[in-house]
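**Q** Numbering follows this note's numbering, in which position 468 of the sequence shown is assigned residue number 468; successive positions increment by one, without gaps. No residue lacks a Cβ here, since even glycine has one placed at the ideal position from N, Cα and C. Quick one: structure below, then a few questions.
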Amino acid sequence: MTLSPGLALPAPRADTPLPATVLAALTRAGVPASALSALVIPVNGAGSDRLRYQADRPVNPASVMKLVTTYAAMDMLGADFTWRTDFYTDGQIDNGTLRGNLYVRGGGDPKLVLERIQDTFFALHSKGVQVILGDMVLDHSSFDLPSHDPGEFDGESLRPYNASPDALLVNFKSVVLNFQPDPKAGVAYVTSEPPMARLAIDATVPLSRSGCGNWRDTLQARFDDANTIRFEGRYPQRCGEKVWPVAYQEPDSYAERAFEGLWRASGGAITGRVRVGLVPKEARLLHEAYSLPLTDIISDVNHWSNNVMAQQVFLTLGRLAPPTRQEARSAPIGTFTPLVTGRFERSREVVARWWRTSFGIRSTPPVLENGSGLSRNERITPQGLGDLLRHAARHPQSNKFIESLSVAGVNGTASRLARGSNSAARGNAWIKTGTLKDVTGIAGYVDATGGSRFAVVGFVNHANASAARPALDALLEWAASQPD
Numbered sequence: 001m002t003l004s005p006g007l008a009l010p011a012p013r014a015d016t017p018l019p020a021t022v023l024a025a026l027t028r029a030g031v032p033a034s035a036l037s038a039l040v041i042p043v044n045g046a047g048s049d050r051l052r053y054q055a056d057r058p059v060n061p062a063s064v065m066k067l068v069t070t071y072a073a074m075d076m077l078g079a080d081f082t083w084r085t086d087f088y089t090d091g092q093i094d095n096g097t098l099r100g101n102l103y104v105r106g107g108g109d110p111k112l113v114l115e116r117i118q119d120t121f122f123a124l125h126s127k128g129v130q131v132i133l134g135d136m137v138l139d140h141s142s143f144d145l146p147s148h149d150p151g152e153f154d155g156e157s158l159r160p161y162n163a164s165p166d167a168l169l170v171n172f173k174s175v176v177l178n179f180q181p182d183p184k185a186g187v188a189y190v191t192s193e194p195p196m197a198r199l200a201i202d203a204t205v206p207l208s209r210s211g212c213g214n215w216r217d218t219l220q221a222r223f224d225d226a227n228t229i230r231f232e233g234r235y236p237q238r239c240g241e242k243v244w245p246v247a248y249q250e251p252d253s254y255a256e257r258a259f260e261g262l263w264r265a266s267g268g269a270i271t272g273r274v275r276v277g278l279v280p281k282e283a284r285l286l287h288e289a290y291s292l293p294l295t296d297i298i299s300d301v302n303h304w305s306n307n308v309m310a311q312q313v314f315l316t317l318g319r320l321a322p323p324t325r326q327e328a329r330s331a332p333i334g335t336f337t338p339l340v341t342g343r344f345e346r347s348r349e350v351v352a353r354w355w356r357t358s359f360g361i362r363s364t365p366p367v368l369e370n371g372s373g374l375s376r377n378e379r380i381t382p383q384g385l386g387d388l389l390r391h392a393a394r395h396p397q398s399n400k401f402i403e404s405l406s407v408a409g410v411n412g413t414a415s416r417l418a419r420g421s422n423s424a425a426r427g428n429a430w431i432k433t434g435t436l437k438d439v440t441g442i443a444g445y446v447d448a449t450g451g452s453r454f455a456v457v458g459f460v461n462h463a464n465a466s467a468a469r470p471a472l473d474a475l476l477e478w479a480a481s482q483p484d
């Protein structure tokens, strides 16, 4: 992303000394101070910066980049925005039977989970659709996405965090395996959800007397066949009940298998097959299934750092039709609501323009790839995040945005921060965390003991970044202890 010709960024401001506690934590971690970028500024803009250290340097923010995506969505779409999954038919309903096809067009719902699909199927039953004499056709065309290898990023293809976005994203493309040991029978019983058509899963696995340890490895699970999940090892009895969410090994067929399995489990029947296709123009709308509101979605994204949900939100921003040149001069971007096909490149353009119109040229615009932070290429400056946090604090929906962040020492991914019994930040800081190989970071708000609220941003980009987390905790404590 580049600035318009003739515009220049403000000159970098001088650094301030790092707190002694932060420097000491960096030294213990074997990380040089040059690997840290940090900013502590009053949210109301009054008074001088409390801390500034390499704040104009672009860094990889890891999942902290979700703050850009979620706040842009809050500002452009509104807190009550919802997604729609539409159900169409080209047939007629007669005495509980649909004589024709049922079409399902995804609208990018980030949290189309099992319970909500089941509720929708029960609603269709109440409208007379219990038997489908035809096919169920799944339309994913609202997003146009490149091919995706779930193991490409870090080799962990079965980790749910590597699931790819989808206009019809069903249950995060995951299968949840539950293990319940029965010592008398000498086995652990295996149950799973959702019910997946044409997927056989071993119902039991023998028990072992070994320690729990790395119990997933001892199962020796086999995921090499899309039609089976098998266990060639044993389950440690000492583990008790465990749950293992895994990304389905053939993600492209997940929605078809899950929709068919859930439809039959709901009491529905179908004579045809579940397949991918497009909704024909002549089909009529039969039912609309609405998502949870945006506030609930961004709370999940920021509390638990859900990558695929963040990408769904990011792609939705790209569905805003680009304005004409005249429109761009005269109206804010949020007024352009017609939807087009979502693509990552469109989302980058929309967010770049929003950044320029919301923050002017005060800070370097971010470099975005997918909006989730699950990227080696995304970049932002601490000053840019500080400007965003200040802007968000003045927003009419600021409370909802701040409440989407996890509370230090209390919940979400920030629960591991501020753990000390005398922590000033515990319960008084709303933080988004970020972690990748070579990256650790925090950003959010802190209510200091002196009564002021500060925006706090800190990143370590270094090969030993994971060991430097205590330095960011020290930064948070230092900010929380600031006098008025």
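1) Check whether the Cβ atoms of Val170 and Ser192 sit closer than 8 Å, and answer yes or no.
2) For the beta strand (DSSP E) containing Arg284, name the first residue and the last one.
3) For Ser126 and Phe87, I'd like the C-alpha separation in whole angstroms.
4) Give me the residue from Pro19, Thr341 and His462 with the minimum Cα distance to Asp473.
5) Spatial neighbours of Ile402 within its chain, please: CB distance less than 7 Å, with the 5 preceding and 5 following residues excluded, ordered by chain position.
6) Once DSSP output is grouped into helix, strand and coil, what is the label at Asp56?
7) Can you tell me whether Ala14 is buried or exposed? The criterion is at least 16 other CB atoms within 10 Å of its CB, across all chains shown.
8) Alpha carbon to alpha carbon, how far is Asp90 from Gly409? Give it in angstroms, no decimals.
9) Contact between the stretch 259–270 and the stretch 113–128 is defined here as three or more beta-carbon pairs at a separation below 8 Å; is this criterion met?
10) Can you tell which of Gly106, Leu124 and Ala414 has the C-alpha that lies nearest to the C-alpha of Gly267?
11) List the endpoints of the continuous alpha helix (DSSP H) containing Asn399.
12) Using only the alpha-carbon positions, how far apart do Glu241 and Ser37 sit?
13) Under DSSP, the beta strand (DSSP E) around Ala20 begins and ends at which residues?
14) Let me check understanding here. Comparing Cα to Cα, which of Ser481, Val460 and Trp478 lies closest to Val59?
15) Would DSSP call Asp217 helix, strand or coil?
16) Take Leu278 and list the residues in its own chain whose beta-carbon comes closer than 7 Å to its own, dropping the five residues that flank it on each side.
17) Does the stretch 51–66 touch the stretch 381–394, meaning 3 or more C-beta pairs lie closer than 8 Å?
18) Along the chain, where does the beta strand (DSSP E) that runs through Arg426 open and close?
19) For Tyr248, does the three-state DSSP call read helix, strand or coil?
20) Identify every residue that forms a DSSP beta bridge with Phe87.
21) By the three-class DSSP mapping on this structure, what secondary structure does Glu477 have?
22) When the Cα atoms are used, what is the spatial distance from Pro293 to Leu389?
23) Could you compute how far the alpha carbon of Gly334 sits from the alpha carbon of Asn307?
24) Give every residue of the same chain whose Cβ lies closer than 6 Å to the Cβ of Ile442, excluding the five residues on either side of it in the sequence, and list them in chain order.
25) What's the gap between the Cα of His287 and the Cα of Ala255?
26) Just the Cα atoms here: how many angstroms apart are Ala455 and Ser210?
27) Would you check if the stretch 233–248 and the stretch 94–113 touch, i.e. whether three or more CB-CB distances between them fall below 8 Å?
28) Determine the burial state of Ser164: buried for a count of at least 16 other Cβ atoms within 10 Å of its Cβ, exposed for fewer.
29) Could you check if Thr357 is buried or exposed, using at least 16 other CB atoms within 10 Å of its CB as the buried criterion?
30) Apart from the five residues just before and just after Gly450, which ones in its own chain have a Cβ nearer than 7 Å to its Cβ?
**A** From the atom records:
1) no
2) Arg284 to Tyr290
3) 14 Å
4) Pro19
5) Trp430 and Tyr445
6) coil
7) exposed
8) 54 Å
9) yes
10) Leu124
11) Ser398 to Glu403
12) 43 Å
13) Note, Ala20: premise wrong, no beta strand (DSSP E); alpha helix (DSSP H) at Ala20 to Ala29.
14) Val460
15) helix
16) Asp139 and Ser141
17) yes
18) From DSSP, Arg426 is part of no beta strand (DSSP E); its letter is neither H nor E.
19) coil
20) Val104 and His287
21) helix
22) 22 Å
23) Caution applies to Gly334, whose pLDDT of 49 falls short of 50 and renders its modelled position unreliable; the value that the coordinates give is listed next. Cα-Cα distance, rounded: 24 Å.
24) Ile431, Thr433, Gly458 and Leu472
25) 19 Å
26) 48 Å
27) no
28) buried
29) exposed
30) Gln482, Pro483 and Asp484
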